[in-house]
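Chemist: The structure is given below, and queries will be raised subsequently.
In our numbering, the protein residues as written are 11 to 173.
Right under this line is the structure:
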């Protein structure tokens, strides 16, 4: 493969059986988001703000520029990856009183065609795990630790496996 005809798009979608305002807040309020995605954030997502998300167990962080936040409808950010900034968009669609369909789209991948495809596949898998963790948290009050458990050998400090 020497080139790509269409730009790969990473898309993950899921129904979350909770009201749209609760699902939306789970992404803009780091006190909630840290229960299913990153471990720390420098602040909430607000239009025009810059925040830093950290995954302490891996010793990594990313810079996030919040382009737009539309209450209970949409979030648009650009976040820093090793290959540059890429846009990520969340769309929240209310499906009745207690159901919200969440769609997350990540585009703008850079590099060789192989690099671009790998980045899109990784992003789709990552955002799918984020949505699964969100669903478990909001619907069942369970923290699955999906992000930490995806690559336990990459943790900076390994936990005692005998516990």
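Every residue gets a Cβ at the ideal spot worked out from N, C-alpha and C, and that includes glycine.
Predicted model only: the values in this text are computed from it and were never measured.
Going by DSSP, what residue range makes up the beta strand (DSSP E) through residue 120?
Modeler: Residue 120 sits at position 110 when you count from the first residue of the chain shown. Where residue 120 is concerned, there is no enclosing beta strand (DSSP E), given that its DSSP letter is neither H nor E.
Chemist: Whole angstroms are fine: how far does the CA of residue 86 sit from the CA of residue 149?
Modeler: Here residue 149 is taken as the residue at index 139 of the chain shown, counted from 1. Here residue 86 is taken as the residue at index 76 of the chain shown, counted from 1. Spanning the two alpha carbons is a distance of roughly 25 Å.
Chemist: Nearest-angstrom Cα distance between residue 54 and residue 79?
Modeler: By 1-based counting over the chain shown, the position of residue 54 is 44. By 1-based counting over the chain shown, the position of residue 79 is 69. Each residue's Cα considered, the two are about 11 Å apart.
Chemist: Residue 97 lies in the alpha helix (DSSP H); which residues open and close that run?
Modeler: Mapped onto the chain shown, residue 97 falls at position 87. No alpha helix (DSSP H) holds residue 97; the beta strand (DSSP E) holding it covers 94 to 104.
Chemist: So what does residue 112 bridge to, in DSSP terms?
Modeler: Against the chain shown, residue 112 aligns to sequence position 102. DSSP lists 24 and 102 as partners of residue 112.
Chemist: Output the boundary residues of the alpha helix (DSSP H) element that contains residue 30.
Modeler: Here residue 30 refers to the residue found at position 20 when the chain shown is read from its first residue. Residues 30 to 38.
Chemist: Between which two residues does the beta strand (DSSP E) holding residue 156 run?
Modeler: Counting from one through the chain shown, the residue named residue 156 turns up at place 146. Where residue 156 is concerned, there is no enclosing beta strand (DSSP E), although the alpha helix (DSSP H) it sits in stretches over 156 to 160.
Chemist: Could you tell me the alpha carbon to alpha carbon distance between residue 101 and residue 25, rounded to whole angstroms?
Modeler: One-based indexing of the chain shown puts residue 101 at position 91. One-based indexing of the chain shown puts residue 25 at position 15. Their backbone Cα atoms lie some 12 Å apart in a straight line.
Chemist: Write down the C-beta distance between residue 51 and residue 63 rounded to the nearest angstrom, noting that I regard them as a contact closer than 8 Å.
Modeler: The residue given as residue 51 occupies position 41 in the chain shown. The residue given as residue 63 occupies position 53 in the chain shown. Going by Cβ atoms, the distance from residue 51 to residue 63 rounds to 5 Å, so yes, they are a contact pair.
Chemist: Can you give me the start and stop residues for the beta strand (DSSP E) that residue 87 sits inside?
Modeler: On the chain shown, residue 87 is found 77 positions in, with the first residue counted as 1. Segment 84 to 91, the beta strand (DSSP E) holding residue 87.
Chemist: Quick check: the segment 119 to 134 against the segment 31 to 42, are there 3 or more CB pairs under 8 Å?
Modeler: Judged by Cβ distances under 8 Å, the segment 119 to 134 makes no contact with the segment 31 to 42, as fewer than three pairs qualify.
Chemist: Which same chain residues, not among the five before or five after residue 156, have their C-beta less than 7 Å away from its C-beta?
Modeler: Mapped onto the chain shown, residue 156 falls at position 146. Cβ within range, chain order: 139, 142 and 143.
Chemist: Give me, in chain order, the residues of the same chain whose beta-carbon lies closer than 7 Å to that of residue 83; leave out the 5 immediate sequence neighbours on both sides.
Modeler: Along the chain shown, read from residue 1 onward, the residue named residue 83 stands at position 73. Cβ within range, chain order: 102.
Chemist: If we count the other Cβ atoms within 10 Å of its Cβ and call it buried at 16 or more, is residue 76 buried or exposed?
Modeler: Mapped onto the chain shown, residue 76 falls at position 66. With 16 or more Cβ atoms within 10 Å of its Cβ, residue 76 is classed as buried.
Chemist: Kindly indicate which three-state DSSP category residue 152 falls into: helix, strand or coil?
Modeler: Taking the first residue of the chain shown as position 1, residue 152 is located at position 142. If DSSP states are grouped into helix, strand and coil, residue 152 belongs with coil.
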